[in-house]
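*Asks:* To convert, count from 1 in the sequence shown and add 12; that's our numbering. Backbone N, C-alpha and C fix where the C-beta goes; we use that ideal spot for every residue, glycine too. Please read these numbers as outputs of a predicted model, since none were measured by experiment. My questions all concern the structure below.
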Amino acid sequence: MEECVAATTPELQANSNVYPIITNKGCLLDSEKGNSMFLQRYHSSAITLYLQSFKFGLGEEVYIHCKLLAWDPEVLSESKKACHYVKENERWELLDDPMQSSICDCCSRTCNTCSKRGDEWESNGFRHTSVLGPLIIMDPSQQNTHNASDVSIADQD
């Protein structure tokens with residue numbers, strides 16, 4: 013995941029109000045503020061994201077827009093990574109190999125753009141844009157009319 017934003021519209025426009033989730037070529041920005049994180053891979057071709065519920069678009073339909081890029085997890089760089097902030101360590105950590113977390117140092121500034129090889133991958137169709145939603149984010153304090161088993165984010169058909 014290169015970039016993901018939440019928006020209240022199914023299509024992003026130049027003037028869309030957005031909430032940044034993942035920025036800077038794979039930095040989970042939301043992990044600095046909340047408890048969002050990348051979870052350990054169950055397969056080398058999959059990334060699982062735990063996303064803490066947020067108040068953006070409260071009570072409205074929210075869509076998660078993501079720019080996805082497939083890469084070999086053995087070939088990591090500032091432009092091909094999955095990093096989240098670990099508050100206990102006060103630093104950014106690389107999902108695939110925490111020993112190489114220095115790749116994530118750029119999450120606090122601007123990460124370098126894709127290499128020539130990355131451009132080749134782009135032209136070969138390894139890049140994809142995906143939209144998840146609509147989701148409805150509800151304020152937990154106003155959920156007294158719902159069962160305790162209801163979740164804060166509900167996926168609607």
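Quickly, what does DSSP pair V98 with across the bridge? List them, please.
*Replies:* Counted from its first residue, the sequence shown places residue 98 at position 86. R103, per the DSSP bridge assignment.
*Asks:* Mapping the DSSP letters down to three states, classify I33 as helix, strand or coil.
*Replies:* Position 21 of the sequence shown holds residue 33. DSSP places I33 in strand when its eight states are reduced to three.
*Asks:* May I have a chain-ordered list of the beta strand (DSSP E) segments no shorter than 3 residues that lie completely inside the stretch 32-72?
*Replies:* Here the runs fully enclosed are 49-51, 60-62.
*Asks:* Would you identify the three-state DSSP class for C123, choosing helix, strand or coil?
*Replies:* If you number the sequence shown from 1, residue 123 lands on position 111. The answer is coil: DSSP assigns C123 none of H, G, I, E or B.
*Asks:* How is the beta strand (DSSP E) around L144 delimited, first residue to last?
*Replies:* Position 132 of the sequence shown, counted from the first residue, corresponds to residue 144. Start and end: 139-149.
*Asks:* From what residue to what residue does the beta strand (DSSP E) around A19 run?
*Replies:* Here residue 19 is taken as the residue at index 7 of the sequence shown, counted from 1. Run containing A19: 15-19, per the beta strand (DSSP E) assignment.
*Asks:* Tell me, please, which residues DSSP counts as bridged to S89.
*Replies:* Here the question's residue 89 lines up with position 77 in the sequence shown. According to DSSP, which records beta bridges pairwise, S89 is partnered with K92.
*Asks:* Closer than 8 Å by C-beta to I59: which residues in its own chain qualify, once you throw out the five before and the five after it? Chain order, please.
*Replies:* As a working note, residue 59 is residue 47 in the sequence shown. Around I59: M13, F50, R53, A94, L107.
*Asks:* Three or more C-beta pairs under 8 Å: does that hold for the stretch 80-94 against the stretch 22-33?
*Replies:* Too few Cβ pairs lie closer than 8 Å, so no.
*Asks:* Tell me whether E105 is buried or exposed, calling it buried when 16 or more other Cβ atoms sit within 10 Å of its Cβ.
*Replies:* By 1-based counting over the sequence shown, the position of residue 105 is 93. Its Cβ being crowded by 16 or more others within 10 Å, E105 is buried.
*Asks:* So, at 7 Å on beta carbons, what are the nonlocal neighbours of G69 in its own chain, with the 5 sequence-adjacent residues on each side left out?
*Replies:* Along the sequence shown, read from residue 1 onward, the residue named residue 69 stands at position 57. Excluding positions up to five away in sequence, the list reads A18, T20, I149.
*Asks:* Are the beta-carbon atoms of N47 and E90 separated by less than 8 Å?
*Replies:* For the purposes of this step, residue 47 is taken as the residue at position 35 of the sequence shown. For the purposes of this step, residue 90 is taken as the residue at position 78 of the sequence shown. Against a cut-off of 8 Å, the Cβ pair of E90 and N47 comes out as no contact.
*Asks:* For K79 and C118, what's the separation of their Cα atoms in angstroms?
*Replies:* Within the sequence shown, the letter at position 67 stands for residue 79. Within the sequence shown, the letter at position 106 stands for residue 118. Taking the straight line from one Cα to the other gives about 19 Å.
*Asks:* DSSP beta-bridge partners for C78?
*Replies:* Here the question's residue 78 lines up with position 66 in the sequence shown. The partner list for C78 (beta bridge, DSSP) reads C16, S142.
*Asks:* What's the call for G71, buried or exposed, on a 16-neighbour Cβ count within 10 Å?
*Replies:* Walking along the sequence shown from the start, residue 71 turns up at place 59. The residue is exposed, with fewer than 16 neighbouring Cβ atoms inside 10 Å.
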